[in-house]
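Undergrad: Encoded as structure tokens, here's the structure I'll be asking about.
Residue numbers (the working numbering), protein chains in the order written: chain A, 1 to 153; chain B, 1001 to 1616.
Shown next as structure tokens:
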């Protein structure tokens, strides 16, 4: 695994104190998750115990210790989405892809996660795929969304 | 437009006689495209691009004889009608709704070149009604200015409050003014802002911090996101004023990583504010150093709680700690810290500019000013609304929100997120302010209003919120960690048809234990949705427990789908779409659902064009 990014990220943060979460964000952005060797190296470079890095990385939902899919799907389960059928959309999506929330498809194409609110409540229920936000999603629309990304890949 | 380029410092003749630079906009045609998240999600980016292309390709400036500007603006509020586009020319503004890229050419040709608006695409009476009863004090600039251009903010009086304050009004006088305005925190608890600042100012510390809490966590609320995306400089100006009042040198915005557009616009605005001398060393040539950093959250709801937020900024996991000491005395890195939420910060410059008496003239006796609500769920006009405190809930739901779609019956409105409660139809005339919402068993919270109709199961809603709190509990204290888990288990039993009277008794008792013994606000308030639904919708709990029935038809274990032979014409659509292949029947003959295989996904119910699929 190429670990160069660790030093690159650290170079941008001469002060570690108060910046740990920003550093983890940047590492996750680079690797799309937080691989174990990366965290080990980060612990060595910063002197922060690995146990603490692990504690922080697992406390915050945004960080993942497992690889994500090429297309990261986030199903919003905020209140408005819940009331308008977000759970049904999630059920349908996970059934179609054959993975549970938090998992990635064996071909590493899709990962499905739930989010607690993306603030697009006017368009509930909402599904985000990568940087694209889809509103008023129904189980029917789920298949269209997946098709779109299948052809894009 | 010389003044635009001139550095701010050159305009300061005498620090005691400072004149704020003012820009006189030249007459022009402006096309404003809503590029809030709603607008973007509905395809605003492409609409914006088409307008820009049209203006460039057709040399509109020469044709129309006036400058034509295409602006991206933040959330205009009426998300239900996105993409919304406003065309202003000759002092008249015309709003278009549901604009698609293909419509752009005709709007340009007929309206901008031909001066005749395209009638059939114009926003209708519901748009007028949506805006009529609102009072956009804080949201006024949102959707009107270009959030990526500091001059756009300055043209509407932006940063004037700073010019009037720094070195002219003493920090103590500024605090007095905010106290006199009666402004209370918009993040939930409603603590008086001026008092918070005063305590912090008096608190000793070698340095002080101001923090903007933009960790907008309440599901169903998105006003903070809209403000930062649409009017970021208002937040920055508010924070500078706050820093001046308490003597802070550093500010931080703790913002959700889930809001990439807001983060990007905020960073851009901060860079511009630095360039213009509003941030950095000796800001505006006054001897005050102050800068603002952006810090990303990482998806932990509990970090909206101020002590957890501080822990997160200090590289720790977001565990709240007992109060006192309060952050105003011992906050970030142990120093006195003022934490206010986005809407509060954005309100501050308006109060300074227009005076505390103006602000107190809006609202009720104890709740001054306006409040922004996100009106979502089962309501026709979804979007962001800003109304004077004290407006009856009915007016918000029916006059502004346009009521419930699909001839459904209003059941309740949920306010205050997971810490709030459900307000039933019998209290729909409650005036919306801090005290009255508390009196009916809910809270103001950050301003989410999720409307629920007859198809919403209140037991399911209670379970939803408690599950939310269970997932988001930091796990530090037992009442919250174990209590919410147990409450979810009991509610799970009830919604699955395994509930008994004993379940309710235990649930009630647990609510009180969790409420009274949890460490922080998340735990203390997590029973609220259960308590309020038990108070107003006991009949629904009873139906689940005694009749094993979910009146709203939501709880999967208690519903079943079947096909009405009288209505089914054998079109096969349901059978083709059934993911379980549990629907059988020949073409043009009545179909039936094999119950053993049915997973109650409801796809057949949604798809049937003849209303033949029954849910019971």
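Just so it is clear, CB atoms sit at the ideal spot from N, CA and C, and this is done for glycine as well.
Determine the extent of the alpha helix (DSSP H) in which residue 1031(B) is found, giving its start and end residues.
TA: Segment 1028-1034 is the beta strand (DSSP E) holding residue 1031(B); no alpha helix (DSSP H) there.
Undergrad: For residue 1327(B) and residue 1607(B), I'd like the C-alpha separation in whole angstroms.
TA: Looking at the two C-alpha atoms, the distance is approximately 54 Å.
Undergrad: Please return the same chain residues whose Cβ sits closer than 6 Å to the Cβ of residue 1364(B), not counting the five positions on each side in sequence.
TA: So the list reads 1389, 1390, 1433, once near-sequence residues are dropped.
Undergrad: Count the other C-beta atoms from every protein chain shown that fall within 10 angstroms of the C-beta of residue 14(A), then say buried if there are 16 or more, exposed otherwise.
TA: By the neighbour-count rule (16 or more Cβ atoms within 10 Å), residue 14(A) is not buried but exposed.
Undergrad: Within the stretch 1187-1229 of chain B, note down every full beta strand (DSSP E) run reaching 3 residues or more, in order along the chain.
TA: Within the stretch 1187-1229 of chain B, the complete beta strand (DSSP E) runs of at least 3 residues are 1209-1214.
Undergrad: So what does DSSP say about residue 1010(B), is it helix, strand or coil?
TA: Legend: pLDDT at residue 1010(B) = 37, less than 50; position of this residue unreliable, value from coordinates given subsequently. Correct three-state label for residue 1010(B): helix.
Undergrad: Using alpha carbons as the reference points, say which of 1217(B), 1319(B), 1570(B), 1534(B) lies closest to residue 120(A).
TA: The residue with the shortest Cα to Cα distance from residue 120(A) is 1217(B).
Undergrad: Quick one: measure Cβ to Cβ for residue 1143(B) and residue 1091(B), integer angstroms, because I've assumed they're closer than 8 Å.
TA: Going by Cβ atoms, the distance from residue 1143(B) to residue 1091(B) rounds to 19 Å, so no, they are not a contact pair.
Undergrad: Going by C-alpha to C-alpha distance, which of 1400(B), 1065(B), 1509(B), 1367(B) sits closest to residue 1381(B)?
TA: If we check each option's Cα against that of residue 1381(B), 1400(B) comes out closest.
Undergrad: Roughly how many angstroms separate the alpha carbons of residue 1003(B) and residue 1274(B), rounded to a whole number?
TA: No answer about residue 1003(B) holds up, because its pLDDT of 39 lies below 50 and its placement is not dependable.
Undergrad: Got a sec, what are the start and stop residues for the beta strand (DSSP E) residue 1295(B) sits in?
TA: Here the beta strand (DSSP E) through residue 1295(B) covers 1291-1296.
Undergrad: Compare the C-beta of residue 1315(B) against all C-beta atoms of chain A and say whether one is closer than 8 Å.
TA: Chain A, which has a Cβ nearer than 8 Å to the Cβ of residue 1315(B), makes this yes.
Undergrad: Cβ closer than 7 Å: which chain B residues qualify as neighbours of residue 46(A)?
TA: Here the premise fails: no neighbours, minimum Cβ distance about 10 Å.
Undergrad: Please go through the same chain and pick out, in chain order, the residues whose beta-carbon is closer than 7 Å to the beta-carbon of residue 1038(B), but skip the five residues on each side of it.
TA: 1075, 1079, 1082.
Undergrad: Which residues does DSSP list as the beta-bridge partners of residue 1340(B)?
TA: In DSSP, residue 1340(B) forms a bridge with 1212(B).
Undergrad: Just to confirm the assignment, what range does the alpha helix (DSSP H) spanning residue 1412(B) have?
TA: Per DSSP, residue 1412(B) belongs to no alpha helix (DSSP H); it is in the beta strand (DSSP E), 1410-1415.
Undergrad: Considering only C-alpha positions, which residue in the set 1367(B), 1356(B), 1352(B), 1402(B) is nearest to residue 1375(B)?
TA: Comparing Cα-Cα distances from residue 1375(B) to each of 1367(B), 1356(B), 1352(B), 1402(B), the minimum goes to 1402(B).
Undergrad: Using alpha carbons as the reference points, say which of 1496(B), 1470(B), 1544(B), 1497(B) lies closest to residue 1486(B).
TA: Answer by Cα proximity: 1470(B).
Undergrad: Starting from residue 95(A), trace the beta strand (DSSP E) in both directions and tell me its first and last residue.
TA: Where residue 95(A) is concerned, there is no enclosing beta strand (DSSP E), although the alpha helix (DSSP H) it sits in stretches over 86-97.
Undergrad: Return the CA-CA distance between residue 1613(B) and residue 1576(B), expressed in angstroms with no decimal places.
TA: The straight-line gap from Cα to Cα measures roughly 14 Å.
Undergrad: Along the stretch 1374-1391 of chain B, what residues have a CB closer than 7 Å to any CB found in chain A?
TA: If the cut-off is 7 Å between Cβ atoms, the stretch 1374-1391 of chain B has 1374, 1376, 1377, 1378, 1382, 1383 near chain A.
Undergrad: Leaving aside the five residues before and after residue 1543(B) along the sequence, list all residues of the same chain whose C-beta is less than 8 Å from its C-beta, in chain order.
TA: Once the five neighbours on either side are set aside, the close Cβ partners of residue 1543(B) are 1549, 1550, 1551.
Undergrad: Identify whether residue 1112(B) lies in helix, strand or coil by the three-state DSSP scheme.
TA: Residue state, collapsed to three classes: helix.
Undergrad: Can you pull out the residues from the stretch 25-36 of chain A whose beta carbon lies closer than 8 Å to at least one beta carbon of chain B?
TA: Residues passing the 8 Å Cβ filter: 25.
Undergrad: Take the Cβ of residue 1256(B) as the centre, count every other Cβ of all protein chains shown within 10 Å, and call the residue buried at 16 or more, exposed below.
TA: Buried: at least 16 other Cβ atoms inside 10 Å.
Undergrad: By how many angstroms is the C-alpha of residue 1334(B) removed from the C-alpha of residue 1007(B)?
TA: Any reading at residue 1007(B) needs caution, since the residue's pLDDT is 41, under 50, leaving its predicted position unreliable; the model's value is listed next. Roughly 37 Å separates the two Cα atoms.
Undergrad: Please report the residue range of the beta strand (DSSP E) in which residue 1449(B) lies.
TA: That run of the beta strand (DSSP E) goes 1448-1453.
Undergrad: Using the rule of at least 16 other Cβ atoms within 10 Å of the residue's Cβ for burial, across every protein chain shown, is residue 45(A) buried or exposed?
TA: The residue is exposed, with fewer than 16 neighbouring Cβ atoms inside 10 Å.
Undergrad: Give a yes or no on whether the minimum CB-CB distance between residue 1295(B) and chain A is below 8 Å.
TA: So, interface residue.
Undergrad: For residue 1108(B), collect the residues of the same chain with a Cβ closer than 6 Å to its Cβ; drop the 5 residues on either side in sequence, then sort them by chain order.
TA: For residue 1108(B), where only same-chain residues beyond five positions count, the Cβ hits under 6 Å are 1054.
Undergrad: List, in order along the chain, the chain A residues whose C-beta lies closer than 7 Å to that of residue 1130(B)?
TA: Ordered by position in chain A, no residue passes the 7 Å Cβ test against residue 1130(B), which lies about 12 Å from the chain.
Undergrad: Does the beta-carbon of residue 1059(B) have 16 or more other beta-carbons within 10 angstroms, so that it is buried, or is it exposed?
TA: So residue 1059(B) counts as exposed.
Undergrad: List the endpoints of the continuous beta strand (DSSP E) containing residue 1614(B).
TA: Start and end: 1613-1615.
Undergrad: If you follow the beta strand (DSSP E) that residue 128(A) is part of, which residue opens it and which one closes it?
TA: 127-129 is the span of the beta strand (DSSP E), which, as asked, contains residue 128(A).
Undergrad: Suppose only complete runs of 4+ residues qualify. What are the alpha helix (DSSP H) ranges in the stretch 1362-1449 of chain B, listed by chain order?
TA: Whole alpha helix (DSSP H) segments, 4+ residues: 1434-1439.
Undergrad: Which residues, taken in chain order from the stretch 1279-1306 of chain B, show a beta carbon closer than 8 Å to some beta carbon of chain A?
TA: Listed by position, the residues of the stretch 1279-1306 of chain B near chain A (Cβ gap below 8 Å) are 1295, 1296, 1297, 1298, 1299, 1300, 1301.
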